[in-house]
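Going by this note's numbering, the letters in the sequence shown line up with residues 2 to 259, in that order.
All residues carry an ideal CB built from backbone N, CA and C; glycine is no exception.
None of the values given here were measured: they were computed from a predicted structure.
Working notes, structure below.
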Amino acid sequence: MIRPRIIPSLLLRDKGLVKGINFSDYKYVGDPINAVRIFSKMEVDELIFLDIFATNENRTVSLELTQNIADECFMPFGVGGGIKNIEQIEKLLKCGAEKVIINTYAYDNPDFVTEASKIFGSQAIMISVDVKKEKGKYVVCTNSGQKDKKTDLLEYLKLLESKGAGEILLNSIERDGTLSGFDIELNSIASESLDIPLVCCGGAWSLSHIEEIIINTQVSAVAAGSMFVFQGSRNGVLINYPREEKLNDMFERIRKSR
Numbered sequence: 002m003i004r005p006r007i008i009p010s011l012l013l014r015d016k017g018l019v020k021g022i023n024f025s026d027y028k029y030v031g032d033p034i035n036a037v038r039i040f041s042k043m044e045v046d047e048l049i050f051l052d053i054f055a056t057n058e059n060r061t062v063s064l065e066l067t068q069n070i071a072d073e074c075f076m077p078f079g080v081g082g083g084i085k086n087i088e089q090i091e092k093l094l095k096c097g098a099e100k101v102i103i104n105t106y107a108y109d110n111p112d113f114v115t116e117a118s119k120i121f122g123s124q125a126i127m128i129s130v131d132v133k134k135e136k137g138k139y140v141v142c143t144n145s146g147q148k149d150k151k152t153d154l155l156e157y158l159k160l161l162e163s164k165g166a167g168e169i170l171l172n173s174i175e176r177d178g179t180l181s182g183f184d185i186e187l188n189s190i191a192s193e194s195l196d197i198p199l200v201c202c203g204g205a206w207s208l209s210h211i212e213e214i215i216i217n218t219q220v221s222a223v224a225a226g227s228m229f230v231f232q233g234s235r236n237g238v239l240i241n242y243p244r245e246e247k248l249n250d251m252f253e254r255i256r257k258s259r
């Protein structure tokens, strides 16, 4: 079994870390550079940084912050927020990001995914897809979940794959920040429809949630925010990550279940 990656997904507003529920009610939770230093010591698999306000504020994720992250980060990381052109991608990759993450602009301009993948390689292009369930059907949303496109999820995922996306980050709006576990149905049908890696996000609060999603779907990686920045019944801010022995035990249980 190829071990799925366990990825802290950190949300940015300008140069601060924020966290919300259902893509709203965001609150400041700390300094991203301090979080990077702590996660580096914990030897996490990978990091994701998303400036979720960039598109709606007509700007791009900070190059300065991306460079500062790269200076402190000892693991691969991806960064996204407001990306709309090749020059922006080039600058972010030169700062040290392993991949860029594109959401709204990929929906509005699918051929841009092809162009970017041809120039930088598909491994450097991750497409973030925000999803909610409407009348029993999963549909795509853009602009940080604010615009409901009513586009069928599976059709859109196959389009992205055909355009050259290297990886999909699938975000459940309804599970975001709820600590209620991943949407098994959503990630099962999505991962089965794709030949490229799928990273699931939205709802994780425990290793049991991660174990459940890996056992029941074909996801390639698991991303979480609240789980890795909060702890305790009052959700106090505390950067954390499972110890290697706990992860090894979990993956051994998963291996035996298959």
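Legend entry - Chain-order list of residues whose beta-carbon lies under 8 Å from that of C142 (same chain, five-residue window excluded): D131, V132, K133, K148, D149, K150, I174
Legend entry - Nonlocal neighbours in the same chain, by C-beta distance under 7 Å from E162, ignoring five residues either side: L195, D196, I197
Inset, instruction - Return the CA-CA distance between F54 and T152, expressed in angstroms with no decimal places. - result: 22 Å
Inset, instruction - Tell me, please, which residues DSSP counts as bridged to G79. - result: I49, K100
Legend entry - As assigned by DSSP and simplified to three states, the class of V30: strand
Legend entry - Buried/exposed call for D112, threshold 16 Cβ in 10 Å: exposed
Inset, instruction - Output the distance between the C-alpha atoms of P5 and E193, rounded to the nearest integer angstrom. - result: 16 Å
Inset, instruction - May I ask you to report which of helix, strand or coil DSSP gives S221? - result: coil
Inset, instruction - Kindly indicate the opening and closing residues of the beta strand (DSSP E) around I22. - result: 17-22
Legend entry - Buried/exposed call for L239, threshold 16 Cβ in 10 Å: exposed
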